[in-house]
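Those protein sequences? They're chains A and B, same order as listed. All the letters of the first sequence, read from the start, carry residue numbers 5 to 104 under my numbering. All the letters of the second sequence, read from the start, carry residue numbers 5 to 487 under my numbering.
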Amino acid sequence: MTLSREEVEHVAQLARLGLTEDEKERMRDQLSSILENMEILKELDTSAISPTAHVLPLRNVVRPDEVQPSLPVEGVLQNAPRREEDYFRILPVFEEDYER
Amino acid sequence: MLSKYEAVIGLEVHAQLLTKSKMFCRCNAQYADAPPNSVVCPVDLGLPGALPVINRTAVEYTVMTALALNCSIPEFSRFDRKNYFYPDLPKNYQISQYDLPLSHDGYMVVQVGDEARRIGIIRVHLEEDTAKLMHRTDARGKAYSLVDFNRAGTPLMEIVSKPDIRSPEEARLYLMKLRNILRWIGVSTGNMEEGSFRCDANVSIRPVGSKEFGTKVEVKNMNSFRAVYRALEYEMARQADVLDSGGRIAQETRGWVEDRGVTVSQRSKEYAHDYRYFPEPDLPPLVLTRDWVQSIREKLPELPDARRERFASQYGLSQYEATLLTNSKSIADFFEATVGLRASAKAVANWMVGELFRLLNAANIEIEQSKVSPEHLTEMLKLIDQGTISASMAKTVLEEVFASGKKPGDIVQERGLAQISGVEELQAIVHQVLATNPQAIADYKAGKANAFGFLVGQVMKATRGKANPGVVNQLLREKLDKQ
Chain A
5 MTLSREEVEH VAQLARLGLT EDEKERMRDQ LSSILENMEI LKELDTSAIS
55 PTAHVLPLRN VVRPDEVQPS LPVEGVLQNA PRREEDYFRI LPVFEEDYER
Chain B
5 MLSKYEAVIG LEVHAQLLTK SKMFCRCNAQ YADAPPNSVV CPVDLGLPGA
55 LPVINRTAVE YTVMTALALN CSIPEFSRFD RKNYFYPDLP KNYQISQYDL
105 PLSHDGYMVV QVGDEARRIG IIRVHLEEDT AKLMHRTDAR GKAYSLVDFN
155 RAGTPLMEIV SKPDIRSPEE ARLYLMKLRN ILRWIGVSTG NMEEGSFRCD
205 ANVSIRPVGS KEFGTKVEVK NMNSFRAVYR ALEYEMARQA DVLDSGGRIA
255 QETRGWVEDR GVTVSQRSKE YAHDYRYFPE PDLPPLVLTR DWVQSIREKL
305 PELPDARRER FASQYGLSQY EATLLTNSKS IADFFEATVG LRASAKAVAN
355 WMVGELFRLL NAANIEIEQS KVSPEHLTEM LKLIDQGTIS ASMAKTVLEE
405 VFASGKKPGD IVQERGLAQI SGVEELQAIV HQVLATNPQA IADYKAGKAN
455 AFGFLVGQVM KATRGKANPG VVNQLLREKL DKQ
């Protein structure tokens with residue numbers, strides 16, 4: 005199974021990755037061989053096995069509804085690319101510019 | 005114009021839950037008065053290594069809601085990642101639910117005029133809310149955005165209806181009832197203006213009698229019940245115009261613009277959404293044992309429909325009164341608290357539905373914010389029963405209680421509103437009135453019907469309305485018939 009160039013571009017776009025032409029080719033090869041491996045796995049008969057929801061045998065890991073202190077505002081904004089007062093300042097966003 | 009078509013509407017409601025802490029971390033979820041970015045932690049910011057843990061109460065509130073909406077609760081449920089890039093979620097995914105939600109397949113009965121309409125509920129699920137974005141322009145006219153993460157990660161419940169709604173009015177009634185239920189069971193404030201209760205609509209139209217669905221349009225940005233009604237009405241008319249002129253409806257998202265009263269297309273790119281949902285690896289799944297579900301069911305109070313029927317049968321109220329008295333839990337509780345103080349249920353219903361609701365509406369407040377208590381209303385009704393005040397005086401008294409929170413008995417004393425029921429005192433006044441109105445007496449003798457009313461009026465006037473009308477009537481008849 006070989007991915008088309010358009011499929012690679014679509015996946016790159018969904019992941020917001022800018023790929024050069026060379027990278028697109030390389031990704032096409034590598035992703036294709038991953039998918040080929042999947043094809044091999046698909047040969048197994050899994051009809052008697054229920055889907056795995058989680059790799060650990062844990063269930064119902066929940067906590068009581070109790071409040072604890074949050075980070076200080078300075079800590080919250082420490083990694084902000086830019087800040088204005090106590091807000092993160094970012095490039096302008098408009099709903100229609102984004103796939104959402 | 006619209007008679008040719010009927011609407012097919014499905015509503016998606018997002019309601020913020022009234023938990024103390026957030027959905028997956030212990031930050032305070034009640035962020036309304038908090039300064040920007042002050043209730044935020046590494047989980048909300050999606051910092052590397054931060055791990056979410058499920059808030060048990062949020063799960064229980066969602067299951068409570070689902071049970072109140074007659075949904076099935078599966079044994080097994082799970083959270084999934086909904087992947088998209090937008091600065092309102094720094095993880096680049098929202099923790100939501102996809103194919104194994106906390107509940108599915110319920111319904112709510114909505115009374116539309118004389119018809120009880122059963123609106124299907126596809127699912128009630130749980131997810132996290134996103135950060136708030138604000139859009140600004142700098143001094144040089146350059147646009148930028150600000151992010152406040154306080155709201156990010158607060159629990160958000162999504163309630164999706166089937167496309168069973170057939171008119172804007174039905175949509176409005178569905179939302180009002182849904183909001184009443186959420187408030188009733190105490191899981192959400194249901195406040196639309198503050199964004200705690202948001203609604204998106206999928207709407208299409210089809211020729212009346214058709215069984216097929218037309219192309220649906222998603223309408224967003226409606227911030228009040230009225231906005232939902234207006235937006236849907238506008239959208240129906242717009243779609244009818246397109247079809248009537250031979251056009252085709254585009255499947256798109258449209259935003260309601262309140263001040264212009266129109267919906268506008270928000271579509272700019274044609275690609276379909278591709279959220280690539282997959283199971284959230286950081287959260288083990290939930291097993292909703294039947295014992296757990298049962299213990300949640302036991303926390304549900306008597307619901308509005310059941311309580312309305314009980315009010316009608318137990319207290320002999322009309323459907324109209326019973327409906328109004330179950331419009332909110334605090335109203336219903338007020339009613340029953342008053343009745344519990346040995347007041348007559350019929351009289352309490354009358355005064356609440358009439359005068360008290362009028363005062364609440366005029367002041368635009370809820371019953372729990374008013375100064376009138378069940379004790380006040382009981383005392384006032386007792387003063388009427390004892391003949392201390394007339395029904396019309398009682399209105400004045402209730403207004404005063406409403407304004408000041410003073411006791412009815414004290415108001416009657418302070419303002420000298422007590423009724424004059426003493427026969428001796430009234431006899432003197434009746435005597436005086438008859439002496440100065442010989443013409444009315446003659447008219448009465450001649451059989452003129454309104455002469456008696458005139459004389460009663462004169463007595464009331466002389467006592468500034470405080471005479472007990474029953475006693476006045478009796479005294480006047482006696483005197484006149486003796487003359």
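We treat Cβ as the ideally placed atom computed from N, Cα and C, and that holds for glycine.
Three-way DSSP call (helix, strand, coil) for residue i in this model
i       : result
A254(B) : coil
N225(B) : strand
F83(B)  : coil
T69(B)  : helix
Y233(B) : helix
Q20(B)  : strand
N32(B)  : strand
K136(B) : strand
E274(B) : With a pLDDT of only 44 at E274(B), under the threshold of 50, the placement of this residue in the model should not be trusted; the figure read from the coordinates follows. It is coil, neither helix nor strand.
I424(B) : strand
F339(B) : helix
Y102(B) : coil
E162(B) : strand
L150(B) : strand
D295(B) : helix
E239(B) : helix
V405(B) : helix
G259(B) : strand
Y90(B)  : coil
A450(B) : coil
Residue i vs residue j beta-carbon contact at 8 Å
i       : j       : result
V44(B)  : N225(B) : no
L160(B) : E132(B) : yes
V416(B) : T392(B) : yes
Y233(B) : L15(B)  : no
A455(B) : A444(B) : yes
Y9(B)   : V212(B) : yes
R30(B)  : E78(A)  : no
L104(B) : V128(B) : no
K28(A)  : E47(A)  : no
I169(B) : I123(B) : yes
V405(B) : V376(B) : yes
P283(B) : A57(A)  : yes
Beta bridge counterpart(s) of residue i as assigned by DSSP
i       : result
R121(B) : V114(B)
A244(B) : A244(B) pairs with nothing; no bridge assigned.
Y9(B)   : P211(B)
N59(B)  : R67(A)
L290(B) : S81(B)
C203(B) : V17(B) and M226(B)
E131(B) : L160(B)
T392(B) : T392(B) is not bridged to any residue.
For residue j and residue i, the rounded distance between their alpha carbons
i       : j       : result
F458(B) : G426(B) : 21 Å
T257(B) : V223(B) : 6 Å
L2(B)   : D90(A)  : Outside the shown range of chain B, which is 5 to 487, sits residue 2(B), and nothing can be said about it.
Q494(B) : R60(B)  : In the structure displayed, chain B extends from 5 to 487; residue 494(B) sits before or after that span and is not available.
L7(A)   : A143(B) : 49 Å
V437(B) : Q373(B) : 46 Å
P305(B) : E340(B) : 14 Å
I53(A)  : L71(B)  : 31 Å
E274(B) : T327(B) : Because the pLDDT of E274(B) is 44, which lies under 50, any placement of that residue in the model is unreliable, and the number read from its coordinates should be weighed accordingly. Each residue's Cα considered, the two are about 47 Å apart.
M27(B)  : V57(B)  : 8 Å
T193(B) : S332(B) : 12 Å
D309(B) : W188(B) : 11 Å
L290(B) : T69(B)  : 17 Å
E352(B) : Q423(B) : At residue 352(B) the sequence reads Val, which differs from the Glu that was named. Going from the Cα of V352(B) to the Cα of Q423(B) covers about 21 Å.
A491(B) : R121(B) : Any question about residue 491(B) goes unanswered here, given that chain B covers just 5 to 487.
E325(B) : E428(B) : 41 Å
R87(A)  : R140(B) : 13 Å
I369(B) : E313(B) : 26 Å
T440(B) : R468(B) : 18 Å
Outcome for residue i when other beta-carbon atoms lying within 10 angstroms are tallied against a minimum of 16
i       : result
Q298(B) : exposed
S394(B) : buried
N472(B) : buried
Y65(B)  : buried
D245(B) : exposed
D49(A)  : exposed
M42(A)  : exposed
S81(B)  : buried
G145(B) : exposed
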